[in-house]
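First to last, the protein sequences are chains A and B.
Under the working numbering, read the first sequence as residues 1 to 295, first letter to last.
Under the working numbering, read the second sequence as residues 296 to 581, first letter to last.
Idealized CB from N, CA, C, for every residue including glycine.
Structure first, commentary second.
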Amino acid sequence: MQRAPSSRAYARRSKYIRFILPALAVVLAVIVFPWVFTLWMSLNDWQIGRPRSFVGLQNFTGLARDERFLGSIGRTIYYTVLAVAVPVVLGVLSALVFHQRFPLRGFLRGIFILPMMATPVAVALVWTMMFHPQMGVLNYLLSLVGLPPSLWVYAPETVIPALVLVDVWHWTPLIMLIVLGGLSALPTEPFESARIDGASPWQMFRAITFPLVLPFLMVAVIIRTIDALKTFDTIFVITQGGPGTASETINIYLYLQAFAFYKMGHASAVVVVFFALIVVCSLLLLHVRQKTLWT
Amino acid sequence: MTAASRPQPPARPVRLPRRLLRQAALWASVVVVVSPAILVFLWMLSLSLKTELENTAYPPIFIPRAPTLANFVEVFQKSPFGQYTLNSIIVSGVSTLAALLVGVPAGYGIAKARASGLAMVLLISRMTPGLSYLIPLFILFQVVGLTGTLWSLVITHLVITVPIVIWVMMGFFESQHPELEEAALIDGCDIWRAFLHIAVPLSRSGIVVAGILAFIYSWNNFIFGAVLAGRETRTLPVAVYNVLTFEQIAWGPLAAAALVVTLPVLVLTVFIQRQIVTGLAAGGVK
Chain A
1 MQRAPSSRAY
11 ARRSKYIRFI
21 LPALAVVLAV
31 IVFPWVFTLW
41 MSLNDWQIGR
51 PRSFVGLQNF
61 TGLARDERFL
71 GSIGRTIYYT
81 VLAVAVPVVL
91 GVLSALVFHQ
101 RFPLRGFLRG
111 IFILPMMATP
121 VAVALVWTMM
131 FHPQMGVLNY
141 LLSLVGLPPS
151 LWVYAPETVI
161 PALVLVDVWH
171 WTPLIMLIVL
181 GGLSALPTEP
191 FESARIDGAS
201 PWQMFRAITF
211 PLVLPFLMVA
221 VIIRTIDALK
231 TFDTIFVITQ
241 GGPGTASETI
251 NIYLYLQAFA
261 FYKMGHASAV
271 VVVFFALIVV
281 CSLLLLHVRQ
291 KTLWT
Chain B
296 MTAASRPQPP
306 ARPVRLPRRL
316 LRQAALWASV
326 VVVVSPAILV
336 FLWMLSLSLK
346 TELENTAYPP
356 IFIPRAPTLA
366 NFVEVFQKSP
376 FGQYTLNSII
386 VSGVSTLAAL
396 LVGVPAGYGI
406 AKARASGLAM
416 VLLISRMTPG
426 LSYLIPLFIL
436 FQVVGLTGTL
446 WSLVITHLVI
456 TVPIVIWVMM
466 GFFESQHPEL
476 EEAALIDGCD
486 IWRAFLHIAV
496 PLSRSGIVVA
506 GILAFIYSWN
516 NFIFGAVLAG
526 RETRTLPVAV
536 YNVLTFEQIA
546 WGPLAAAALV
556 VTLPVLVLTV
566 FIQRQIVTGL
576 AAGGVK
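Quick look at the structure:
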């Protein structure tokens with residue numbers, strides 16, 4: 001093909017804009033409009049059924065003094081750290097398993113990824129039944145290996161690790177898939193020369209596999225962090241933030257403010273802070289990822 | 296190294312058990328990795344097929360002694376579960392079709408025009424918590440009087456389906472070879488017909504995957520229905536949640552209801568398993 005002058009290339013490209021317009025209208029209506037509306041509403045005091053008034057940044061200064069909200073941030077971070085670290089470790093280990101060749105690999109991998117597509121509410125219900133302190137199957141399994149029973153989601157100390165367990169079951173497959181994608185893209189030469197040099201499997205993993213898979217792993221960590229921060233369905237169905245407020249994460253707090261108390265201005269401010277937190281976490285991780293790419 | 300320099304026969308008997316050991320270790324780790332995934336679903340199935348007596352027994356009964364479908368019958372007879380199933384099919388079906396209608400051309404347009412701005416918006420929307428769309432849309436639906444209708448749910452579910460479809464199709468069209476379309480354009484075919492008669496038929500498999508993924512994520516969504524749906528317009532996840540909270544807790548029917556909700560998704564997953572594997576590895580659809 002002839003090389004077109006850049007203005008003509010631009011004109012040709014701009015002809016394709018019309019394909020985007022319908023979707024753009026939808027995105028503006030259901031995605032961008034809510035963002036703008038939320039930002040504006042966060043500057044207002046409004047409870048549904050009462051008159052609205054502009055209050056500037058008062059919602060935010062109120063949040064900074066709201067101990068229940070500050071507590072929910074702490075719990076969200078605690079939950080997120082666990083719900084990222086454990087699936088990442090297990091996801092890498094299971095990716096190493098699925099990277100081997102064995103019969104029925106495709107079929108077993110298909111079974112392994114079922115949890116990540118399953119309906120969260122349905123999954124949460126089954127886990128609720130498994131967590132039952134008297135009749136639940138988990139305490140029975142603990143008793144089989146000689147461990148004392150746990151109160152799981154019914155005690156403030158164990159509720160968050162127990163909820164993380166559900167998340168680990170739900171999302172380890174996603175990490176596994178991303179890391180597996182990284183493993184299958186690895187070049188074979190460094191492994192061959194390492195083997196010739198007599199490197200042990202652990203040395204090869206540390207010196208070759210891990211650094212090469214690290215960029216993929218960082219993508220997995222970023223996705224998992226965003227999702228863990230946003231976890232709602234399983235926590236809401238299993239504990240609704242309880243016992244007391246022991247598992248009340250930002251998202252649960254937000255739900256209660258908006259749709260139990262109908263404080264829309266206050267809740268919108270929570271959304272803004274929450275979104276900022278997600279963006280900051282993602283950018284931090286992206287920064288780490290850039291560094292791992294350079295070195 | 297020649298065969299003569301190292302005596303072969305003694306090496307053999309040492310090697311064989313070692314390889315066997317490796318194989319055994321590999322299979323053991325496969326079993327450890329896969330069993331939690333499958334066991335939770337099997338436990339769900341087991342609970343749904345047992346009587347209440349067997350479900351509350353301790354130690355737990357794993358394999359039903361007299362499997363019964365009574366729990367499923369109870370779910371559909373005691374609550375309008377048929378209606379809820381229909382609601383879910385309508386909401387997820389219509390929002391997915393609408394998303395395909397606007398999203399497939401958009402994915403094509405973005406791939407061709409390199410409109411990365413809209414792609415950026417979609418990426419940010421992926422980071423935004425679902426609840427933050429609900430507050431404005433909830434207020435909007437109250438103002439226009441749509442609260443509690445299936446329409447309000449269909450519109451809200453576009454928040455889920457449209458970004459997925461555009462994202463998947465964008466990647467699909469970017470990896471598609473443009474020669475055939477370019478040849479058609481040179482022959483005087485306009486871009487709209489090149490899209491409709493060449494690009495779309497060539498990307499049928501991508502459209503199917505985008506549609507199924509959008510349908511699954513819409514089907515699984517709980518929070519939109521929990522806030523917006525009325526008594527008659529509940530989707531399945533909301534209905535199941537209500538079985539948990541408002542009725543006497545009986546494990547059999549509860550597990551049966553949970554299975555009814557998630558089984559269609561699991562079946563669809565099996566169909567697009569391969570694409571999920573490659574698609575997610577390539578850049579993260581979800």
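Residue 184 of chain A - containing alpha helix (DSSP H), residue span: 159-184
Contacts of residue 205 of chain A in chain B (Cβ-Cβ under 8 Å): Near residue 205 of chain A there are no residues of chain B at all, since even the closest Cβ is about 15 Å away, more than 8 Å.
Beta carbon proximity, residue 387 of chain B to chain A, threshold 8 Å: no
Simplified DSSP state of residue 44 of chain A, which is helix, strand or coil: strand
Inter-residue CB distance, residue 370 of chain B and residue 530 of chain B (contact presumed, cutoff 8 Å): Incorrect: roughly 15 Å between the Cβ atoms, too far for contact.
Neighbour flag for residue 404 of chain B against chain A, beta carbons, 8 Å: yes
Coil, strand or helix - residue 220 of chain A by DSSP: helix
Burial state of residue 233 of chain A, where buried means 16 or more other Cβ atoms lie within 10 Å: buried
Proximity below 8 Å, CB of residue 332 of chain A to CB of residue 338 of chain B: The question about residue 332 of chain A has no answer, for chain A in this structure spans 1 to 295.
Short Cβ contact (8 Å threshold) for residue 173 of chain A with residue 115 of chain A: yes
Residue range of the unbroken alpha helix (DSSP H) whose run includes residue 447 of chain B: 445-469
Members of the region 85-101 of chain A that neighbour chain B once the beta carbon cut-off is set at 7 Å: 94, 97 and 100
Residue 405 of chain B and residue 413 of chain B closer than 8 Å at C-beta: yes
Neighbourhood of residue 357 of chain B by C-beta distance below 7 Å, restricted to the same chain and skipping five residues each side: 341
Chain-ordered neighbours of residue 415 of chain B on chain A, where CB pairs are closer than 7 Å: None at all; the shortest Cβ gap to chain A is about 11 Å.
Local Cβ density within 10 Å of residue 437 of chain B, reported as buried at 16 or more and exposed below that: exposed
Beta carbon proximity, residue 269 of chain A to chain B, threshold 8 Å: no
Identity of the residue in A:242, A:282 and A:189 nearest residue 72 of chain A by Cα: A:242
Whether residue 428 of chain B touches residue 22 of chain A by CB criterion (8 Å): no
Minimum Cβ-Cβ distance from residue 462 of chain B to chain A less than 8 Å: no
Three-pair Cβ contact test at 8 Å for the region 269-288 of chain A versus the region 172-187 of chain A: no
Contacts around residue 220 of chain A, its chain only, beta-carbon distance under 8 Å, and the 5 residues preceding and following it disregarded: 88, 91, 174, 175, 178 and 179
Residue environment, residue 343 of chain B, which counts as buried when at least 16 other CB atoms sit within 10 Å: buried
DSSP bridge partner residues for residue 53 of chain A (one or two, in chain order): A:45
Spatial neighbours of residue 572 of chain B in its chain, beta-carbon cut-off 7 Å, leaving aside the 5 residues before and after: none
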